[in-house]
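One structure is given here, and the rest of the page talks about it.
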Amino acid sequence: KQEVTQIPAALSVPEGENLVLNCSFTDSAIYNLQWFRQDPGKGLTSLLLIQSSQREQTSGRLNASLDKSSGRSTLYIAASQPGDSATYLCSGGGADGLTFGKGTHLIIQP
Amino acid sequence: NAGVTQTPKFQVLKTGQSMTLQCAQDMNHEYMSWYRQDPGMGLRLIHYSVGAGITDQGEVPNGYNVSRSTTEDFPLRLLSAAPSQTSVYFCASSYSNPRNGYTFGSGTRLTVV
């Protein structure tokens, strides 16, 4: 059974800092690794998708990496802004659906 | 192109009542799934479907039924609601090859009293 762990559970940093969110998974036979953002009381917004054959994906200030051999993924946020405050969820994808970590609650202080 | 549409957005049920949470997608996605999100537990898979007529159980299927009569719709039925089913429910869909990732609906917030 796939298990996904996210570290840290919560993070508060001043605006402008670069930061890294960590995700680990137990089963390397994943189809993909997908990062989501969730604002309070809202749904999930897909940020980046890394397919199993890829090593990283970039979108604007976000960069996600995938290392299947070590069972790890990282989400790098450059030049953080108060609007980046949200909960970030990592998920391992398979044919039967997604397995989620419990998320990292991120606060960017103005 | 509406994506994944969930209805209703909010619902209050009494213990023992039944109801159906609706999920529809207009992207011709083969894969659809239901999740519940609870504080401290994260999102957990309830049921999933790999195509019309095919469904299977996820991590927490007890108390829920699903069917997939069309590619577009994947309703989730609560047969006899219990307070433990108070949660936020999300539906998601993916292309026939789930390597392309999932798109989520906006969720249904359900309270069972």
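From first to last, the protein sequence lines stand for chains U and S.
Going by our numbering, the first residue of the first sequence is number 589, and it counts up by one from there.
Going by our numbering, the first residue of the second sequence is number 889, and it counts up by one from there.
For every residue, glycine included, the Cβ atom is placed at its ideal position computed from N, Cα and C.
CA-to-CA distance, residue j to residue i, given in whole angstroms
i	j	result
residue 628/U	residue 676/U	11 Å
residue 934/S	residue 979/S	10 Å
residue 942/S	residue 652/U	33 Å
residue 607/U	residue 905/S	47 Å
residue 650/U	residue 903/S	44 Å
residue 1000/S	residue 954/S	19 Å
residue 925/S	residue 667/U	30 Å
residue 599/U	residue 609/U	9 Å
residue 994/S	residue 911/S	10 Å
residue 908/S	residue 611/U	34 Å
residue 625/U	residue 956/S	28 Å
Under the three-state DSSP convention, the category residue i falls into
i	result
residue 932/S	strand
residue 669/U	coil
residue 972/S	helix
residue 987/S	helix
residue 621/U	strand
residue 693/U	strand
residue 602/U	strand
residue 626/U	strand
residue 954/S	strand
Chain S contact residues for residue i, given Cβ-Cβ distances below 7 Å
i	result
residue 631/U	978, 992, 993, 994 and 995
residue 688/U	930 and 931
Partners in chain U for residue i, counting only beta-carbon separations shorter than 8 Å
i	result
residue 944/S	684
residue 987/S	619, 620, 639, 640 and 681
Under 9 Å from the C-beta of residue i: neighbouring residues of chain U
i	result
residue 938/S	683 and 684
Looking at C-beta atoms only, is the number of pairs between the segment 603 to 620 of chain U and the segment 680 to 693 of chain U that lie closer than 8 Å three or more? yes
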